[in-house]
Ligand SMILES: [Zn+2]
Ligand SMILES: [Zn+2]
């Protein structure tokens with residue numbers, strides 16, 4: 171489906187096509203939580219980077235978080251490029267050069283009506299502060315770190331991939 175999104179102040183508008191538009195993937199990591207998730211988590215979607223069309227590019231800034239390296243624990247720059255509006259601060263999407271064909275818009279800036287997910291994934295729970303209570307439905311999956319299942323595999327398993335994309 172075609173997704174339309176915008177930041178809060180309206181300087182940035184974008185469209186992108188997505189075969190995986192269900193907003194099911196709740197990430198509680200500190201980066202998502204602090205930059206895009208006031209309620210304790212952010213939700214990102216899977217979309218096709220080659221179809222991303224942006225108006226207001228000059229208002230976009232990119233944040234690459236400092237994270238601990240997997241081997242040494244030293245601080246390195248995250249590959250993930252978090253795009254946000256520098257006028258109003260809205261988190262827009264994440265793009266990672268390791269998966270250059272994908273882009274991950276945050277559900278919070280999508281203006282198109284999104285489908286309601288039949289179940290949800292709660293991930294990076296080890297980064298969650300105690301005050302954030304996980305509100306898990308009976309079919310939801312909980313992960314301390316990253317799940318094995320990708321956004322695309324989740325849609326495939328539930329048979330709700332948008333095959334026209
Ligand atoms: Zn803005
Ligand atoms: Zn996260």
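In our numbering, the protein residues as written are 171 to 335.
Note that the Cβ used here is the ideal one computed from N, Cα and C, for glycine as well.
Quick caveat: nothing in here was measured; it's all calculated off a predicted structure.
{"Query": "Cutoff 7 Å; reference residue 322; Cβ partners in own chain excluding five residues on either side", "Result": "190 and 216"}
{"Query": "Collapsed DSSP secondary structure at residue 205 in the structure displayed", "Result": "helix"}
{"Query": "Residue 245 and residue 232 closer than 7 Å at C-beta", "Result": "no"}
{"Query": "Touching by the beta-carbon criterion (3+ pairs, under 8 Å), the segment 255–270 and the segment 281–297", "Result": "no"}
{"Query": "Buried or exposed by the 16-neighbour rule on C-beta atoms within 10 Å, applied to residue 175", "Result": "buried"}
{"Query": "Heavy atom of ligand 2 within 6 Å of residue 197 beta-carbon", "Result": "yes"}
{"Query": "One or two residues paired with residue 233 in a DSSP bridge", "Result": "252"}
{"Query": "Between the CA atoms of residue 324 and residue 317 - distance to the nearest angstrom", "Result": "10 Å"}
{"Query": "Cα-Cα separation, residue 181 to residue 224", "Result": "10 Å"}
{"Query": "Best match in 204, 179, 313 and 279 for proximity to residue 235 [C-alpha to C-alpha]", "Result": "204"}
{"Query": "Closer than 6 Å: residue 181 CB and nearest ligand 2 heavy atom", "Result": "no"}
{"Query": "Span of the alpha helix (DSSP H), counted from its first residue to its last, around residue 322", "Result": "321–327"}
{"Query": "Buried versus exposed, by CB contacts within 10 Å (16 or more), residue 336", "Result": "The requested residue 336 is not part of the displayed model; the chain covers only 171 to 335."}
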